[in-house]
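Using the numbering used here, read the sequence shown as starting at 6 and increasing by one per residue. Every residue, glycine too, gets a C-beta built ideally from N, C-alpha and C. Report on the following structure.
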Amino acid sequence: MSGGSRALSEALELRIGRSLAATLLRIPECQAAAWVDLDSATLLSARYRGEFRKDLERIAAAASDLLDPRHTTALPDVFGEWDAGQDEGTDGELVVISGSTVNLFMRSRSRADRALIVRADGVRYLGALMSSVRQTLAEAEETIAIS
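Dropping the structure here:
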């Protein structure tokens, strides 16, 4: 499940894929997890239940716009004052809720051109979901650092 000129090596995709698959096991509501190249808006690695591939490709394409610094730096102007830098580890995170579906977008801390996307249905505890997704992001970044 790779694409674009920046495709991951097969070994790296396998290691990141394991981390994404662990997310599906760790979070029962999780329907899909993907590692995305924001510059080309393509999926680099994805694991999902059911027929979420098409949705993931659309979401990956939207992620580059959603996490574009030109947009995210304008958010305080739109929603009022906040100090996003004070919450350690939360800069570059975006939550989109539609009905019972939660989509989390988390920009990589080590590579500004990468993001983790997680889609979950029927989430009861958003904080627990975000904590688990942050763990997945840390695992993916550790995998990239050792390659």
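Assign V100 to buried or exposed, taking buried as 16 or more other Cβ atoms, counted over all protein chains shown, within 10 Å of its Cβ. As a position in the sequence shown, residue 100 is number 95, starting the count at 1. Exposed is the call here.
Please confirm if A125 has its CB atom under 7 Å from at least one CB of chain E. Chain labels in this structure do not include chain E; a single protein chain is all it has.
Quickly, what does DSSP pair V128 with across the bridge? List them, please. Here residue 128 is taken as the residue at index 123 of the sequence shown, counted from 1. In DSSP, V128 forms no bridge with anything.
Compare the beta carbon distance of L121 and M111 with 7 Å and say whether it is the shorter of the two. For the purposes of this step, residue 121 is taken as the residue at position 116 of the sequence shown. For the purposes of this step, residue 111 is taken as the residue at position 106 of the sequence shown. Against a cut-off of 7 Å, the Cβ pair of M111 and L121 comes out as a contact.
For E98, which residues does DSSP report across the bridge? Here residue 98 refers to the residue found at position 93 when the sequence shown is read from its first residue. Paired residues: M111.
S105 vs G127 beta-carbon contact at 7 Å: Taking the sequence shown and counting its residues from 1, the one referred to as residue 105 is at position 100. Taking the sequence shown and counting its residues from 1, the one referred to as residue 127 is at position 122. Contact: yes.
Tell me which residue opens and which closes the alpha helix (DSSP H) that R26 is part of. Translated into the one-based positions of the sequence shown, residue 26 becomes position 21. The sequence given here places Ala at residue 26; Arg does not occur at that position. Taken as a continuous stretch (DSSP letters only), the alpha helix (DSSP H) holding A26 covers 15 to 31.
A125 vs E18 beta-carbon contact at 7 Å: Counted from its first residue, the sequence shown places residue 125 at position 120. Counted from its first residue, the sequence shown places residue 18 at position 13. Their beta carbons are not under 7 Å apart, which means A125 does not touch E18 by this criterion.
Once DSSP output is grouped into helix, strand and coil, what is the label at L51? The residue labelled residue 51 in the question sits at position 46 within the sequence shown. Here residue 51 turns out to be Ala, not Leu, going by the sequence shown. It is a strand residue.
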